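Chemist: Below you'll find the structure I mean.
Protein chains in written order, with this note's numbering: chain A, 5 to 276; chain B, 178 to 820; chain C, 14 to 176; chain D, 9 to 109.
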């Protein structure tokens with residue numbers, strides 16, 4: 005891929021065409037800064053960690069729109085618009101699905117959130133957020149679904165469906181630029197899994213294996229890998245959704261339920 | 178028990194939400210849920226009242242939570258249980274429960290059955306929230322929500338233009354009154370910095386508020402009452418509100434919401450205690466409304482409109498009672514009125530359900546077909562008319578006694594006149610609807626008694642209409658409930674009672690004479706008193722007056738502004754100028770053709786050149802305008818700094 | 014820290030100039046994205062970390078995306094080649110320079126002496142308390158305004174069916 | 009990095025924004041310039057907050073409101089632009105002159 009020819013279409017907006025893959029890819033890596041890879045292994049211990057990740061990962065949409073515009077091609081542009089519409093829409097329930105966690109633990113710092121999940125219920129059962137009755141599961145499901153949609157993967161990959169749209173916004177990209185787009189996509193898959201592991205599965209918290217035989221970073225990576233596997237699993241299992249169904253699903257199902265979930269969490273916090 | 182009093186409004190709220198969102202999947206579209214919720218509230222209210230009676234509940238009892246804080250001012254939500262709120266809780270929950278039960282049968286065929294029950298529960302919630310409020314802010318919020326529910330329910334059958342229009346009219350008219358209320362609230366907060374009833378009373382008693390200010394605030398709050406309780410001159414919405422389904426009329430526009438205005442007045446009483454002059458105004462508004470509405474009811478043909486005007490009239494009585502320091506009497510009448518007026522409306526609904534018309538001239542002799550409805554309606558009518566022994570008798574007599582006892586003889590006379598007319602129009606309605614000959618054969622034969630879900634509430638309400646007055650007077654209960662420091666108990670006055678009762682009886686006898694025994698034909702009577710008849714018949718032309726006074730001038734003003742161009746600019750400026758020029762040229766044409774031509778041309782060219790210059794300013798481009806604004810700003814800034 | 018600020022400031026001025034001067038609207042939108050991100054950076058430097066993240070989340074992740082959308086949907090190819098600045102540019106330039114100079118002068122008058130920069134503190138918690146405490150009324154008002162904007166946007170962007 | 013430098017920066021950005029508003033022919037350009045002006049104001053709010061009132065976060069709270077209302081403004085403005093574009097097929101302000109006298 006490195007040595008393939010870099011083709012720039014004739015009608016393209018050169019600057020934008022050149023910048024697009026960078027703009028799509030760079031935020032994906034910045035986002036890893038506040039992720040707690042292990043008990044004390046946090047690259048940057050940001051106080052606004054969760055918000056930071058959610059904000060920065062939103063920047064990639066700009067890259068996609070730039071890709072759609074820069075190709076100077078009507079179909080690429082439509083693909084870009086579609087992809088961006090989908091990403092922006094799914095961003096909202098995704099953010100809202102994280103809100104219960106912030107409400108419960110009262111912090112946006114990812115390290116503190118993972119720390120708070122290290123307790124045990126009845127001295128036995130891990131007190132991860134995903135195991136909180138009802139709210140944890142709803143939150144996690146919404147987060148998972150939205151993350152799949154955010155990374156433009158099946159069953160939500162209609163904006164870049166290879167067999168139907170000739171790959172949408174990145175049709176006109178080749179060689180290293182194309183590689184960058186894909187790098188961004190997989191980086192986001194990994195990021196989403198890492199976030200889910202940190203937010204819902206206690207980060208580097210081990211399961212009943214005492215004494216630190218298995219280091220926390222290994223736990224974290226194991227959880228992340230399992231979640232990455234789930235992402236791939238989705239891809240193998242489900243067919244594509246039609247584009248209007250996809251938007252309806254987001255606005256009419258995920259969004260109301262995430263609001264209900266926030267209300268439930270509020271009640272839970274009030275009671276405790 | 179009292180610690181959980183906040184649950185009373187919350188039950189219907191939960192019911193409303195559940196019905197609205199999940200009613201589709203519940204049996205009976207969730208309506209039973211609403212009935213159950215309000216039943217729970219009713220049980221709680223009754224047991225609270227019981228606790229009050231056997232002395233375990235000490236009033237006033239107050240619970241309060243912090244709602245939010247704006248700056249240094251904390252705002253609270255709370256529950257205040259005292260005499261008025263306890264009795265109002267009883268009224269609202271009982272009537273609401275019975276009406277919801279009744280609606281199970283009445284609304285069965287409605288396509289929006291679920292929504293109806295959801296709104297009804299929501300209304301009950303907000304009304305109860307208003308009743309238990311311990312501060313003006315909560316009161317106001319609930320007050321507005323109640324208004325919203327009223328709007329939604331009046332326009333419930335929004336396919337009909339009349340219903341939709343009536344909803345708008347009700348909403349806008351009451352909002353006019355609410356403006357005053359709102360201004361009053363702002364004043365209260367500006368002066369005292371709190372909304373809490375108790376704290377406000379303390380502030381008023383320690384003399385930190387001047388009587389004049391107290392009167393202004395009191396009268397502003399009274400504006401809210403005028404709007405919500407349909408007092409003259411803002412009464413026009415209530416008759417139109419009868420476009421809503423009949424249970425709604427019974428619950429909202431007879432028993433509870435319109436009574437909220439009276440309740441508000443009772444809550445604002447501490448203000449009037451400081452300024453008795455304000456009470457005079459209140460009393461006269463009430464007295465005038467009482468008689469005025471009764472005259473219209475005398476000539477109305479629509480059974481629901483008769484009841485609506487009767488409601489306005491009775492609300493006038495309550496307001497008058499409060500105005501003549503009959504604090505207990507007003508709230509007493511509110512209670513009894515809720516029972517028998519809800520009964521009358523529900524019975525009327527039962528009749529309408531049977532004959533599918535509102536016109537009393539198309540009914541007649543229905544007692545043969547609908548026994549239960551007839552009996553209950555008669556009981557309600559007798560109670561309203563003030564037949565001795567029934568609920569309305571005691572309360573009305575108490576009001577008139579209060580008016581008499583405080584030397585308001587003119588108001589007492591108005592009240593007796595009203596009582597006379599009340600008896601007359603109720604007798605008229607009873608005779609024309611239930612007795613005499615059937616005037617519309619077809620409707621008569623199709624009429625049938627309503628299902629049991631509708632008749633049972635009627636019977637319960639009838640029983641209440643009979644006993645409510647006696648029960649509340651038992652051991653002076655009503656006076657104990659309505660204790661208010663500074664107001665002496667109303668003394669019984671033999672003469673007043675006799676006059677009041679005899680005027681009511683006179684009305685009944687006269688009604689019997691005209692409409693049943695036919696001593697004189699109603700038509701002849703109308704011909705004899707023609708001017709009065711026309712006046713009453715057309716509702717004193719109030720709607721027309723408002724139309725002519727407010728609506729049309731505004732529309733005309735709009736027209737004027739719109740046609741300013743045509744009428745003034747074009748005709749005077751252009752046409753007039755042209756005409757003048759033409760006349761001038763004709764006059765002078767024969768003297769010097771060339772000179773005049775040149776002059777006219779020159780004038781025309783001058784005008785058009787001026788126009789063209791003026792036009793260039795109006796480029797229609799936003800950025801031009803913006804540039805000039807900015808330039809002006811910079812100029813001003815420089816100017817400011819130099820000088 | 015200081016150096017970063019001056020670099021950011023220079024970049025911010027450059028990209029702001031890009032916003033108003035670039036010929037292609039899409040390019041100026043990208044310049045605006047950059048400017049907004051730089052402003053977020055300046056926020057963070059001024060100890061407003063929560064605000065910086067919100068700036069990126071709302072402005073860049075929300076407003077600018079919609080802006081780019083509309084640009085993509087409303088571009089006439091011909092218009093991109095036309096002049097982007099109208100005839101009143103000279104006057105406008107004079108005015109804006111006057112305003113800029115006036116602002117700088119005014120600031121210099123009152124704030125030129127050195128203020129000590131306090132340390133940076135995390136602000137999320139205090140902002141949360143502020144918004145739901147003392148600022149509750151404006152907060153609710155803003156939510157109402159957002160709702161109105163939502164309804165208005167839906168109304169305006171609807172295809173008119175009756176035509 | 010002193011308070012004055014930050015304020016000067018925001019002043020420059022603000023006047024650039026004004027220039028854009030006054031001169032861009034494209035209505036989207038005008039909207040973008042307005043966003044620039046908002047941001048200049050926000051920088052001021054935050055800077056004053058940071059230097060003059062380090063104990064509280066009122067300035068930041070205000071900035072949050074500005075951001076929120078800017079979002080509302082942008083959404084309504086852009087939907088208006090789309091509606092206009094549908095009617096006159098142009099986004100240039102000279103073509104939107106229905107108020108021309």
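We put the beta carbon where it would ideally sit given N, CA and C, even for glycine.
Keep in mind the model is a prediction, meaning the values are calculated, not measured.
Take residue 163 of chain C as the anchor and find which of D:26, D:88 and D:33 has the nearest alpha-carbon.
Modeler: As a first step, residue 163 of chain C is located in the third chain; it is residue number 150 there, counting from the start. For the residues D:26, D:88 and D:33, the minimum Cα distance to residue 163 of chain C belongs to D:88.
Chemist: So if DSSP puts residue 525 of chain B in a beta bridge, which residue, or which two residues, is it bridged to?
Modeler: Numbered from 1 along the second chain, position 348 holds the residue referred to as residue 525 of chain B. In DSSP, residue 525 of chain B forms no bridge with anything.
Chemist: If you measure beta-carbon to beta-carbon, which residues of the region 134-161 of chain C are closer than 7 Å to chain A?
Modeler: Listed in sequence order: 135 and 137.
Chemist: Express the C-alpha separation of residue 355 of chain B and residue 404 of chain B in angstroms, rounding to a whole number.
Modeler: Position 227 of the second chain, counted from the start, is the residue given in the question as residue 404 of chain B. Position 178 of the second chain, counted from the start, is the residue given in the question as residue 355 of chain B. Taking the straight line joining both Cα atoms gives about 7 Å.
Chemist: Can you give me the Cβ contacts of residue 280 of chain B inside the same chain, cut-off strictly under 6 Å, excluding the 5 residues immediately before and after it?
Modeler: Translated into positions along the second chain, residue 280 of chain B becomes position 103. For residue 280 of chain B, where only same-chain residues beyond five positions count, the Cβ hits under 6 Å are 424.
Chemist: Apart from the five residues on each side of it in sequence, which residues of its chain come closer than 6 Å, Cβ to Cβ, to residue 464 of chain B?
Modeler: Working through the second chain from its first residue, we reach residue 464 of chain B at position 287. So the qualifying residues of the chain are 497, 588 and 591.
Chemist: Hey, how far is the Cα of residue 660 of chain B from the Cα of residue 579 of chain B?
Modeler: On the second chain, residue 660 of chain B is found 483 positions in, with the first residue counted as 1. On the second chain, residue 579 of chain B is found 402 positions in, with the first residue counted as 1. Cα to Cα, the separation comes out at about 15 Å.
Chemist: Counting along the chain, where does the alpha helix (DSSP H) carrying residue 255 of chain B start and finish?
Modeler: The count along the second chain starts at 1 and reaches residue 255 of chain B at position 78. Counting along the chain, residue 255 of chain B falls outside any alpha helix (DSSP H), though it belongs to the beta strand (DSSP E) covering 250-258.
Chemist: Please classify residue 168 of chain C as buried or exposed, where buried requires at least 16 other C-beta atoms within 10 Å of its C-beta.
Modeler: If you number the third chain from 1, residue 168 of chain C lands on position 155. Exposed is the call here.
Chemist: Residue 25 of chain D lies in the alpha helix (DSSP H); which residues open and close that run?
Modeler: As a working mapping, residue 25 of chain D is identified with position 17 in the fourth chain. From DSSP, the alpha helix (DSSP H) with residue 25 of chain D extends over 11-31.
Chemist: Cβ of residue 33 of chain C within 8 Å of Cβ of residue 22 of chain D?
Modeler: Position 20 of the third chain, counted from the first residue, corresponds to residue 33 of chain C. Position 14 of the fourth chain, counted from the first residue, corresponds to residue 22 of chain D. Result no, Cβ atoms of residue 33 of chain C and residue 22 of chain D do not sit closer than 8 Å.
Chemist: Using a beta-carbon distance below 8 Å, is residue 110 of chain C in contact with chain B?
Modeler: Indexing the third chain from 1 puts residue 110 of chain C at position 97. So no, residue 110 of chain C is outside the interface.
Chemist: Can you check whether the CB of residue 273 of chain B is closer than 8 Å to the CB of residue 309 of chain B?
Modeler: Here residue 309 of chain B refers to the residue found at position 132 when the second chain is read from its first residue. Here residue 273 of chain B refers to the residue found at position 96 when the second chain is read from its first residue. Not closer than 8 Å, so no.
Chemist: In its own chain, which residues sit with a C-beta less than 7 Å from the C-beta of residue 478 of chain B, not counting the 5 before and 5 after it?
Modeler: Along the second chain, read from residue 1 onward, the residue named residue 478 of chain B stands at position 301. Only 536, 537 and 538 meet the Cβ criterion.
Chemist: According to DSSP, what are the bridge partners of residue 239 of chain B?
Modeler: On the second chain, residue 239 of chain B is found 62 positions in, with the first residue counted as 1. Residue 239 of chain B is bridged to B:257.
Chemist: Does residue 98 of chain C come within less than 8 Å of chain A when only Cβ atoms are used?
Modeler: In the third chain, the residue the question calls residue 98 of chain C occupies position 85. No, residue 98 of chain C lies away from the interface with chain A (no Cβ there is under 8 Å from its Cβ).
Chemist: Any beta carbon from chain A within less than 8 Å of residue 176 of chain C's own beta carbon?
Modeler: Looking up residue 176 of chain C in the third chain gives position 163. With a pLDDT of only 44 at residue 176 of chain C, under the threshold of 50, the placement of this residue in the model should not be trusted, and no figure is reported.
Chemist: Going by DSSP, which residues form a beta bridge with residue 536 of chain B?
Modeler: If you number the second chain from 1, residue 536 of chain B lands on position 359. Answer is B:479.
Chemist: Tell me whether residue 237 of chain A is buried or exposed, calling it buried when 16 or more other Cβ atoms sit within 10 Å of its Cβ.
Modeler: The sequence position of residue 237 of chain A within the first chain is 233, counting from 1. Label assigned to residue 237 of chain A: exposed.
Chemist: Let me know the secondary structure DSSP gives residue 98 of chain C once reduced to three states.
Modeler: In the third chain, residue 98 of chain C corresponds to position 85, counting from 1. Residue 98 of chain C falls in the strand class under three-state DSSP.
Chemist: Grab me the residues of residue 16 of chain D's own chain with a C-beta within less than 7 Å of its C-beta, minus the 5 sequence neighbours each way, in chain order.
Modeler: Residue 16 of chain D sits at position 8 when you count from the first residue of the fourth chain. No residues qualify anywhere along the chain.
Chemist: CA-CA distance, residue 116 of chain C and residue 86 of chain A?
Modeler: Locating residue 116 of chain C in the third chain gives position 103, counting from the first residue. Locating residue 86 of chain A in the first chain gives position 82, counting from the first residue. Residue 116 of chain C and residue 86 of chain A: Cα-Cα distance of roughly 43 Å.
Chemist: So, is residue 19 of chain C buried or exposed, given that buried needs 16 or more other C-beta atoms within 10 angstroms?
Modeler: For the purposes of this step, residue 19 of chain C is identified with residue 6 of the third chain, where counting begins at 1. Exposed.
Chemist: Strictly below 8 Å CB to CB, what residues from chain B border residue 53 of chain C?
Modeler: For this step, residue 53 of chain C is matched to residue 40 along the third chain. Simply none; closest approach about 28 Å.
Chemist: Among A:81, A:94 and A:222, which residue has its Cα nearest to the Cα of residue 176 of chain A?
Modeler: Indexing the first chain from 1 puts residue 176 of chain A at position 172. Measuring from the Cα of residue 176 of chain A, the nearest candidate turns out to be A:81.
Chemist: Does residue 15 of chain D get closer than 8 Å to chain B when you measure Cβ to Cβ?
Modeler: Within the fourth chain, numbered from 1, the residue matching residue 15 of chain D stands at position 7. It does not: the Cβ of residue 15 of chain D has no partner Cβ on chain B nearer than 8 Å.
Chemist: If you measure beta-carbon to beta-carbon, which residues of the region 25-38 of chain D are closer than 9 Å to chain B?
Modeler: Hits within the stretch, in order: 26, 29, 30, 31, 32, 33, 35 and 38.
Chemist: Using the three-state DSSP reduction, which class does residue 239 of chain A fall into: helix, strand or coil?
Modeler: Taking the first chain and counting its residues from 1, one reaches residue 239 of chain A at position 235. In the structure shown, residue 239 of chain A sits in a helix (DSSP, three-state: H, G or I).
Chemist: Does residue 784 of chain B have its Cβ less than 8 Å from a Cβ in chain D?
Modeler: Counted from its first residue, the second chain places residue 784 of chain B at position 607. It does not; no Cβ of chain D falls within 8 Å.
Chemist: Tell me, please, whether the CB atom of residue 34 of chain C is closer than 8 Å to any CB atom in chain B?
Modeler: Sequence index remark: in the third chain, residue 34 of chain C carries index 21 (1-based). Chain B, which has no Cβ nearer than 8 Å to the Cβ of residue 34 of chain C, makes this no.
Chemist: Exposed or buried, which one is residue 574 of chain B when buried takes at least 16 other CB atoms within 10 Å?
Modeler: Position 397 of the second chain holds residue 574 of chain B. Under this definition residue 574 of chain B is a buried residue.
Chemist: Quick one: any contact between the region 370-380 of chain B and the region 423-442 of chain B, if contact means 3 or more CB pairs under 8 Å?
Modeler: No, the region 370-380 of chain B does not touch the region 423-442 of chain B.
Chemist: Going by C-alpha distance, which of A:91, A:228 and A:72 is nearest residue 74 of chain C?
Modeler: Working through the third chain from its first residue, we reach residue 74 of chain C at position 61. Residue A:91 is the option with its Cα nearest to residue 74 of chain C.
Chemist: Could you check where the alpha helix (DSSP H) with residue 249 of chain A kicks off and where it finishes?
Modeler: Within the first chain, numbered from 1, the residue matching residue 249 of chain A stands at position 245. Per DSSP, residue 249 of chain A belongs to the alpha helix (DSSP H) from 247-252.
Chemist: Check the DSSP bridge columns for residue 124 of chain A and list the partner residues they point to.
Modeler: Looking up residue 124 of chain A in the first chain gives position 120. According to DSSP, residue 124 of chain A bridges with A:130.
Chemist: Straight-line CA distance for residue 523 of chain B to residue 399 of chain B?
Modeler: Within the second chain, residue 523 of chain B is the residue found at index 346, counting from 1. Within the second chain, residue 399 of chain B is the residue found at index 222, counting from 1. Spanning the two alpha carbons is a distance of roughly 30 Å.
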